[in-house]
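S.K.: Per our numbering: the sequence shown = residues 1 to 553.
This structure is in structure tokens; I'll ask about it shortly.
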Amino acid sequence: MDHEIPKDFLRQIVAEDLAAGRYAAPITRFPPEPNGYLHIGHAKSICLNFGIAEEFGGACHMRFDDTNPAKEDQEYVDSILADVKWLGFNWTGPVRYASDYFDQIYAYAEQLIQIGKAYVCDLNAEQMREYRGTLTLPGRDSPGRQRSVDENLDLFRRMRSGEFAEGALTLRARIDMSSPNINLRDPVLYRIRHAEHHQTGGRWCIYPSYDFTHPLSDAIEGITHSLCTLEFEDHRPFYDWLIQSLKTPAQPHQYEFARLNLSYTLTSKRKLKQLVDQGFVEGWDDPRMPTLAGIRRRGIPAAALRRFCQVIGVTRADSMVDVAQLDFCVREHLEAHAPRAMAVLRPLKVILTNWDEGELMLTAPAHQQRPELGERQIPFAKTIYIDREDFAEVPPKGWKRLVPGGEVRLRQAYVIRCDEVLHDLEGRVIELHCSVDKATLGANPEGRKVKGVIHWVSAEHALPATVRIYDRLFAVEDPEADGGDFTAHLNPDSLQILQALIEPGLASLSPEDAVQFEREGYFVADRLLWANGERVFNRIIGLKDSWGKGQSA
Ligand code: ATP
Ligand code: MG
1 MDHEIPKDFL RQIVAEDLAA GRYAAPITRF PPEPNGYLHI GHAKSICLNF GIAEEFGGAC
61 HMRFDDTNPA KEDQEYVDSI LADVKWLGFN WTGPVRYASD YFDQIYAYAE QLIQIGKAYV
121 CDLNAEQMRE YRGTLTLPGR DSPGRQRSVD ENLDLFRRMR SGEFAEGALT LRARIDMSSP
181 NINLRDPVLY RIRHAEHHQT GGRWCIYPSY DFTHPLSDAI EGITHSLCTL EFEDHRPFYD
241 WLIQSLKTPA QPHQYEFARL NLSYTLTSKR KLKQLVDQGF VEGWDDPRMP TLAGIRRRGI
301 PAAALRRFCQ VIGVTRADSM VDVAQLDFCV REHLEAHAPR AMAVLRPLKV ILTNWDEGEL
361 MLTAPAHQQR PELGERQIPF AKTIYIDRED FAEVPPKGWK RLVPGGEVRL RQAYVIRCDE
421 VLHDLEGRVI ELHCSVDKAT LGANPEGRKV KGVIHWVSAE HALPATVRIY DRLFAVEDPE
481 ADGGDFTAHL NPDSLQILQA LIEPGLASLS PEDAVQFERE GYFVADRLLW ANGERVFNRI
541 IGLKDSWGKG QSA
């Protein structure tokens with residue numbers, strides 16, 4: 001169950017609107033452009049829009065604002081729908097597309113022409129920029145501004161019928177070329193684009209601008225609260241101008257909130273696409289990517305991401321959220337839910353010289369604090385593997401693990417003592433010979449204390465597995481801070497691949513199942529490779545936050 005939801009300023013607005021009887025229930029929407037994969041910033045918007053609808057008994061629409069055929073693709077439509085579902089939300093009604101409304105939007109454009117509030121403009125892109133003015137200088141009127149209604153209608157219809165080349169003409173709103181808000185300086189409503197659209201095919205050769213389409217789509221759908229990020233604040237006057245000018249059947253209101261910025265992370269579709277296109281990562285769903293597809297592949301549970309979105313809240317103040325807050329939510333969830341197992345990531349062979357009892361099956365709880373998760377069987381035998389890092393010939397101060405002549409407890413099993421160390425020609429440790437204190441299964445050794453506990457697997461029974469240790473994709477907190485090439489700040493050690501040996505019971509995991517490898521961290525059975533029969537784990541996160549402390553997280 002998700003935790004209780006505090007009322008942020010948007011939820012307060014919705015609650016007040018309902019209390020005042022302005023609406024029976026809120027209708028919100030999540031409106032991505034299908035030009036890339038969703039990222040963690042979008043999760044904030046998804047949780048907000050779908051969350052408000054759920055909490056107030058309203059509806060939330062899934063709508064693609066698909067006005068730019070050149071940059072959009074069905075692949076993005078499909079991935080976005082899969083991501084929203086994975087996050088745990090269901091939209092009300094069918095999947096909607098702004099392109100479904102192209103006929104209505106076109107009719108609204110003609111209506112604006114009829115009431116003298118839109119005109120056909122002949123300026124090319126460069127001239128238009130020139131005429132637009134600057135923040136300190138007012139703009140100048142386009143010559144097209146003087147056209148009669150009839151002339152505008154005639155030209156606009158001919159634009160639609162394909163008579164003109166791309167860029168020859170545009171349809172623009174007639175508002176105010178000297179407005180201090182540049183968005184009100186006669187914004188473009190329609191452009192000519194002889195392009196196929198992923199939804200409407202070759203039906204159109206003119207496409208409405210995003211700014212024109214978005215408010216009208218909201219109005220057509222009867223959206224009550226149109227929630228978007230702060231960069232759209234300056235667009236609100238045009239949104240309102242449009243809704244008032246056209247007397248649409250519904251009058252949605254736009255409200256802005258601060259976008260999510262996360263340390264060590266990029267939240268820009270365009271820049272993430274660059275990482276994919278230039279091969280810095282293995283794809284949109286690379287487990288290091290902050291895309292929802294990457295986060296899922298990494299093994300972060302959807303519930304932990306929803307919890308994170310709840311914890312960070314919704315305000316109007318721009319800020320950078322510490323990625324440690326996300327890590328905290330992930331650990332909190334996995335600590336409670338992930339069953340435990342042993343996996344040796346850097347195997348070192350150990351012969352238990354006095355063990356002649358053959359194979360012994362030990363039983364351990366799947367989760368110490370949650371008996372309802374059941375028990376697991378761990379085979380114990382004469383040859384085992386421990387982690388190289390749990391043995392030191394010359395131990396540093398405070399070392400509690402195995403040393404020559406020293407003792408350590410094998411987790412869930414016996415205390416052993418290291419009697420002999422075998423080396424290869426280079427002096428590298430290749431094998432240990434140890435003896436078992438057979439009186440120590442579930443009991444303390446006689447007359448001495450053994451502090452260290454290490455994990456292990458039986459050589460004969462363990463299964464080989466590939467373990468991918470992921471770390472932060474970027475080495476610096478804000479990869480965009482210096483305004484230069486953000487790829488210069490990629491963490492060169494963001495992926496390490498190990499050949500591990502795992503407890504045999506783990507063979508029964510399903511793709512996307514998460515486990516805690518004791519003393520190592522949380523790992524997930526890779527959703528694609530595991531389904532393919534390849535035993536590959538991704539590290540979701542380490543047990544403790546040790547970033548920047550000389551060791552990876
Ligand atoms: P990007 O800059 O990454 O391409 P975008 O805003 O162009 O993002 P859209 O597909 O248009 O991407 O976004 C859909 C919705 O998600 C919009 O309402 C947008 O405001 C919201 N959104 C995008 N990025 C963030 C973010 N970092 N935090 C919160 N909401 C976001
Ligand atoms: Mg956008």
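In this text, a Cβ means the ideal position worked out from N, Cα and C, and glycines have one as well.
Quantities reported herein were computed from a predicted structural model and do not represent experimental measurements.
Do you know offhand how far L410's Cα is from Y264's?
M.R.: Rounded to whole angstroms, L410 to Y264 spans 37 Å at the Cα level.
S.K.: Would you identify the three-state DSSP class for W86, choosing helix, strand or coil?
M.R.: Helix at W86.
S.K.: To the nearest angstrom, how far is the alpha carbon of Q244 from that of D66?
M.R.: Straight-line Cα distance between these residues: approximately 24 Å.
S.K.: Does ligand 1 have a heavy atom nearer than 8 Å to the CB of G51?
M.R.: False, no ligand heavy atom lies under 8 Å from that Cβ.
S.K.: Below 9 Å between beta carbons: does that hold for P290 and H39?
M.R.: Cβ distance < 9 Å, so P290 and H39 count as in contact.
S.K.: If we ignore side chains and look at the alpha-carbon of each, how far apart do F537 and R22 end up?
M.R.: Looking at the two C-alpha atoms, the distance is approximately 52 Å.
S.K.: Alpha carbon to alpha carbon, how far is F9 from V77? Give it in angstroms, no decimals.
M.R.: About 31 Å.
S.K.: If the criterion is Cβ atoms closer than 9 Å, does the pair E359 and P379 meet it?
M.R.: Yes.
S.K.: Could you check where the alpha helix (DSSP H) with Q496 kicks off and where it finishes?
M.R.: Looking at the DSSP string, Q496 is not in any alpha helix (DSSP H); the run it does join, the beta strand (DSSP E), is 495 to 502.
S.K.: Quick one: what's M361 bridged to in DSSP?
M.R.: Answer by DSSP bridge pairing, in chain order: P379.
S.K.: Does ligand 1 have even one heavy atom less than 8 Å from the beta-carbon of P32?
M.R.: Yes - ligand 1 has a heavy atom lying nearer than 8 Å to the Cβ of P32.
S.K.: Rounded to a whole number of angstroms, what is the C-alpha to C-alpha distance between C329 and I312?
M.R.: C-alpha separation (whole angstroms): 11 Å.
S.K.: Sort out for me which residues DSSP pairs N538 with in a bridge.
M.R.: DSSP lists R468, V524 as partners of N538.
S.K.: For the putative contact between P339 and V515, defined by C-beta atoms under 8 Å, what is the C-beta separation to the nearest angstrom?
M.R.: Confirmed, about 6 Å.
S.K.: Measure from the alpha carbon of I541 to the alpha carbon of each residue in G202, E477, A392, E335, then state which is nearest.
M.R.: Nearest C-alpha to I541: E335.
S.K.: Between the alpha carbons of S552 and G88, how many angstroms are there, rounded?
M.R.: Only weak support exists for where S552 lies, its pLDDT of 37 falling under 50; the coordinates are left without a value.
S.K.: Give the secondary structure of I175 by DSSP, where H, G and I count as helix, E and B as strand, and everything else as coil.
M.R.: The answer is coil: DSSP assigns I175 none of H, G, I, E or B.
S.K.: Roughly how many angstroms separate the alpha carbons of V323 and P215, rounded to a whole number?
M.R.: Near 34 Å, if we compare the C-alpha coordinates of P215 and V323.
S.K.: For A98, which residues from the same chain have a beta carbon less than 7 Å from its beta carbon, with the 5 sequence-adjacent residues on both sides left out?
M.R.: R63, F64, D65, D66, T67, T213, S217, listed in sequence order.
S.K.: Leaving out five residues before and five after A381 in sequence, what residues of the same chain have Cβ atoms less than 6 Å from its Cβ?
M.R.: Closer than 6 Å at Cβ, skipping near neighbours: E359, S458, E460.
S.K.: State the start and end residues of the unbroken alpha helix (DSSP H) segment that holds R22.
M.R.: Counting along the chain, R22 falls outside any alpha helix (DSSP H), and DSSP gives it neither H nor E.
S.K.: If you compare alpha carbons, which of T224, R191, E16 is closest to G58?
M.R.: Among T224, R191, E16, the Cα nearest to that of G58 belongs to T224.
S.K.: Would you tell me roughly how many angstroms separate the C-alpha atoms of P26 and C60, rounded to the nearest one?
M.R.: If you take the alpha carbons of P26 and C60, they lie about 8 Å apart.
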